[in-house]
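Novice:
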Amino acid sequence: GQQLNQSPQSMFIQEGEDVSMNCTSSSIFNTWLWYKQDPGEGPVLLIALYKAGELTSNGRLTAQFGITRKDSFLNISASIPSDVGIYFCAGRLQGAQKLVFGQGTRLTINP
Amino acid sequence: NAGVTQTPKFRILKIGQSMTLQCTQDMNHNYMYWYRQDPGMGLKLIYYSVGAGITDKGEVPNGYNVSRSTTEDFPLRLELAAPSQTSVYFCASSSGLAAGELFFGEGSRLTVL
Chain A
1 GQQLNQSPQS
11 MFIQEGEDVS
21 MNCTSSSIFN
31 TWLWYKQDPG
41 EGPVLLIALY
51 KAGELTSNGR
61 LTAQFGITRK
71 DSFLNISASI
81 PSDVGIYFCA
91 GRLQGAQKLV
101 FGQGTRLTIN
111 P
Chain B
1001 NAGVTQTPKF
1011 RILKIGQSMT
1021 LQCTQDMNHN
1031 YMYWYRQDPG
1041 MGLKLIYYSV
1051 GAGITDKGEV
1061 PNGYNVSRST
1071 TEDFPLRLEL
1081 AAPSQTSVYF
1091 CASSSGLAAG
1101 ELFFGEGSRL
1111 TVL
């Protein structure tokens, strides 16, 4: 099946640092989404991107839909303890009825 | 708002037992999904449904069955549980893939011993 390569797999940072993660694929996607999963919870949507080149912010989070439509990145600025969790990218191929998920980036923050 | 509700939250099964994971949503969403998440891994799609009476296989359907008799409910049945089915199961719903947003339940942690 389709795969999304998400990196890095894990990050250990100091509070206040900026964070960057990305997803790449060999396929072209029509939609890119970024989800966050807190421990013991289901994933929650952070940002949705629908057009190539689109740059969207949600507070301290910024995500971009790559021009080639094969990649996306998520940045978190000035990290805080509640940013801890697993971040997933997800993409939808044209005409598909389901999403493809990346393997996740586990973010740990040292106070 | 209840959103997507899954039961049970935790369950331990013996090898060969069967059980049903329940999922219900109160958002009148047509699309519903079942995913499993193994430790340290991403989400793998088991089955999905685009409306009542319609179901389709995802990436990892073997050992599972689903039904969609109503818009609200999408139960996942495990027949003859195996240790490989030890995982956290998430149900999700969506109004339609054009919007892209999936609403997830809190998960059901299943252990097969």
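If you're matching them up, the sequences are chains A and B in order.
Heads up, the first sequence is in my numbering, so the first residue is 1 and it goes up one at a time.
Heads up, the second sequence is in my numbering, so the first residue is 1001 and it goes up one at a time.
Idealized CB from N, CA, C, for every residue including glycine.
Since the structure is predicted, the reported quantities are computational estimates derived from the model, not experimental observations.
1. Check the Cβ of GLY1107/B against every Cβ in chain A and list those closer than 9 Å, keeping chain order.
2. With distances taken from CA atoms, which of TYR1033/B, ASN1030/B, ALA1081/B and VAL1050/B is nearest SER1018/B?
3. Work out the CA separation of MET1032/B and THR1070/B for me, nearest whole Å.
4. Cβ closer than 9 Å: which chain B residues qualify as neighbours of PHE101/A?
5. Leaving out the 5 sequence neighbours to the left and right, which residues in its chain are closer than 6 Å to GLN1022/B when beta-carbon positions are compared?
6. Identify the continuous beta strand (DSSP E) that holds THR31/A and give its terminal residues.
7. Taking three-plus beta-carbon pairs below 8 Å as touching, is the segment 1023–1042 of chain B in contact with the segment 1056–1073 of chain B?
8. Could one say the Cβ of GLY85/A lies closer than 8 Å to chain B's Cβ atoms, at least one of them?
9. Mind listing the chain A neighbours of PHE1090/B? Cutoff is C-beta to C-beta under 8 Å, in chain order.
10. Using the C-alpha atoms, what's the distance from ASN1062/B back to ILE1015/B?
Specialist: Well, looking at it:
1. GLY40, GLU41 and GLY42
2. ALA1081/B
3. 11 Å
4. TYR1035, GLY1042, LEU1043, LYS1044 and LEU1045
5. THR1007 and PRO1075
6. 29–37
7. yes
8. no
9. GLY42 and PRO43
10. 16 Å
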